[in-house]
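First the structure, in the form of structure tokens, and then the observations on it.
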Amino acid sequence: MTIVSGAKMIQTAREHGYAIGAFNTNNLEWTQAILRAAQAQQAPVLVAVSMGAIKYMGGAKVVADLVRNLDYGLNITVPVAIHLDHGSFEMAKEAMAAGFTSIMFDGSDLPIAENILKTKELVSWAHGRGIAIEAEVGSIGGEEDGIVGAGEIASIDEAKAMTAVGVDYLAAGIGNIHGQYPANWTGLKLAHLQALGAAIDEVRGRPMPIVLHGGSGVPDEQIQEAITYGVAKVNVNTEAQLAFHQAVRDFVLSDEDLVGKNYDPRKFLKPGVDAIQAAVEERIAVFGSAGKVN
Ligand code: 13P
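Numbering follows the UniProt record's numbering, with no gaps: position 44 of the sequence shown is 44.
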């Protein structure tokens with residue numbers, strides 16, 4: 001069993017200058033593809049799940065047990081964290097009880113004082129149970145799970161205050177968005193990220209890991225530069241969804257027989273699952289976490 005807290009793997013990544021991928025899952029096949037990709041690349045990984053995907057899959061316990069059982073059943077030997085992505089306060093507690101090992105509490109729509117207070121409460125809960133906590137300052141734009149945000153650049157003072165409550169890693173709005181980037185997107189605010197990273201390292205007294213949301217579609221050089229300023233966890237969802245959709249679609253449309261007769265989902269989903277695995281492996285290589293089993 002290689003299920004671990006996200007804290008050590010992400011702290012180690014931060015201190016050694018690479019990032020770990022947090023890949024969103026939606027179902028059994030998705031989870032298999034992520035785990036197989038991590039194993040093939042010998043990379044630590046976070047299997048992430050949104051509240052919408054938790055509902056779709058039948059509850060937090062279903063997700064936690066699925067990841068645990070696949071970890072065992074597929075003989076996964078790399079470290080794996082089970083991560084709640086953009087959780088509410090209530091879902092954060094439910095996911096901890098269900099066996100998640102990394103929790104993102106997203107209080108970015110609350111006034112900052114309340115976001116910090118609620119995060120602080122969750123930190124003491126989580127740390128007592130060996131679970132890692134991620135919080136968010138500023139906000140991520142774009143659309144995920146039907147929730148649309150304008151995006152707000154994180155204030156350095158708010159990032160410092162959130163770091164001071166003891167979160168293990170911090171998501172910051174730096175011009176990143178969920179979903180596909182529009183053609184007129186001007187890129188990550190890397191100078192701001194650098195300043196923010198230096199300020200929170202000082203508060204923490206050691207390197208503080210930063211989380212880059214909206215990892216799909218960000219040019220590789222920007223991701224790699226962001227890693228040098230403290231990013232140690234990169235979230236990816238859309239890229240895997242696009243790869244899955246395209247591969248299944250191409251496969252089904254490629255042959256009359258498939259449209260008409262091949263109704264076995266294990267056959268027509270396979271190209272999609274393989275495409276997710278390939279996309280995840282490719283991202284792991286860019287993030288520098290291949291071979292970094294720690
Ligand atoms: P993308 O869908 O843009 O990759 O973002 C994923 C994410 O940040 C999940 O929290």
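C-beta: ideal position from N, C-alpha, C; glycine also.
(message) I'd like to confirm the pairing. Which residues does DSSP put opposite valine 104 in its beta bridges?
(response) This sequence places methionine at residue 104; valine is not what is there. DSSP lists Glu134 as partners of methionine 104.
(request) Give the range of the alpha helix (DSSP H) segment to which alanine 7 is assigned. (result) 6-16
(request) Would you grab the beta carbon distance between valine 47 and valine 80 for me? Rounded to a whole angstrom, and I think it's under 8 Å. (result) 6 Å
(message) With H, G and I counted as helix, E and B as strand and the rest as coil, what does DSSP make of serine 216?
(response) coil
(message) Is the separation between the beta-carbon of alanine 243 and that of isoleucine 284 shorter than 8 Å?
(response) no
(request) Give the DSSP bridge partners of glutamate 152, in chain order. (result) According to the DSSP secondary-structure assignment, glutamate 152 is paired through a beta bridge with Ser139.
(request) Tell me where the beta strand (DSSP E) around serine 124 begins and ends. (result) Not the beta strand (DSSP E): serine 124 falls in the alpha helix (DSSP H), residues 112-127.
(message) Just to confirm my understanding: we take leucine 193, look at its own chain, exclude 5 residues before and 5 after, and list those with CB closer than 8 Å. What are they?
(response) Ala172, Ile174, Ile210, Ala226, Tyr229, Gly230, Val231.
(message) Would alanine 290 pass as an interface residue toward chain C - the criterion being a Cβ-Cβ separation below 8 Å?
(response) The chain inventory of the structure shown lacks chain C, comprising one protein chain alone.
(message) the ligand 13P and asparagine 24: does any heavy atom of the ligand fall closer than 7 Å to the residue's C-beta?
(response) yes
(request) Kindly indicate which three-state DSSP category glycine 272 falls into: helix, strand or coil? (result) helix
(request) Kindly identify the DSSP beta-bridge partner or partners of alanine 22. (result) Leu46, Asn235
(message) Between Glu136, Val165, Lys160, which has its C-alpha nearest glutamate 152's C-alpha?
(response) Glu136
(request) Anything with a beta carbon under 5 Å from a heavy atom of the ligand 13P counts; list them all in chain order. (result) Asp85, His178, His213, Gly214, Gly215, Ser216, Asn235, Val236, Asn237, Thr238
(message) Comparing C-alpha positions only, which one of Gly141, Ala95, Ser289 sits nearest to glutamine 224?
(response) In terms of Cα proximity to glutamine 224, the closest of Gly141, Ala95, Ser289 is Ser289.
(message) DSSP three-state label for leucine 188, please.
(response) coil
(request) Hey, could you find the ends of the alpha helix (DSSP H) valine 63 is sitting in? (result) 60-73
(message) Taking 8 Å as the threshold (C-beta atoms), are valine 123 and isoleucine 133 in contact?
(response) yes
(message) What does DSSP give as the partner residue(s) for aspartate 85 in the beta ladder?
(response) Ser50
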